[in-house]
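Quick note on numbering: the sequence shown equals residues 1 to 150 in full-length UniProt numbering.
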Amino acid sequence: MTTQEKESPAYLNIDRENHPAVLAGRRSREFVIARDKQAWVDNFAAEGSVEDPVGPSMFDPEGKGFRGHEQIAEFWDKSIATTESIEFVFADEIICGDEVAYVGKIVTHIAGHVSEAHGVFTYRADADGKMSALRAFWEVEKTINSVRPA
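So this is what it looks like as structure tokens:
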């Protein structure tokens, strides 16, 4: 390691492969793809939260999000469990502080149909590397309008 690298502030020379939010987000997506609810819930900090999408939706009419393991498990049952599979197609990764944002789309297969949620998807990790917040910025109406036969 050079003297310049040692003296660089944390926002320079980011370790993109081992950043805690990148790792927590990667685990989250892997557990969704594997359909492993318990591992997905356990990836969150005890006080972690899910807002997917941010604001009111069919999953969360009041738009308050899901907080703590019990509510996060409830989110899984309302959304992820109802799908046949989910694909994550991210075009860009932006790391800032203890968070990472991905720009792209989530492709959902459900009941012989496919939908695409285009948006920004953020993951925040706590000091222990657990997911403290998952936030997904996508428009419900646009996603509904994208539904087509598989």
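For glycine and all other residues, C-beta sits at the position ideal for the given N, C-alpha and C.
Shortest Cα-Cα distance from residue 108 to any of 100, 81, 15 and 127 involves 81. Within a 10 Å sphere around the beta-carbon of residue 18 sit fewer than 16 other beta-carbons, which makes this residue exposed.
Listed in chain order, the beta strand (DSSP E) runs fully inside the UniProt domain "SnoaL-like" (30-131) are 44-51, 85-96, 99-110 and 113-125, counting runs of at least 3 residues. For residue 140, the enclosing alpha helix (DSSP H) starts and ends at 140-145. Around the beta-carbon of residue 25, 16 or more other beta-carbon atoms lie within 10 Å, marking it buried. With contact defined as three or more Cβ pairs closer than 8 Å, the region 124-131 and the region 43-50 are in contact. Straight through space, the alpha carbons of residue 75 and residue 68 are spaced by roughly 11 Å.
The DSSP-derived three-state label of residue 10 is coil. By the criterion of a C-beta distance shorter than 7 Å, residue 138 is surrounded in its chain by 53, 117, 118 and 119, once the five residues flanking it on both sides are discounted.
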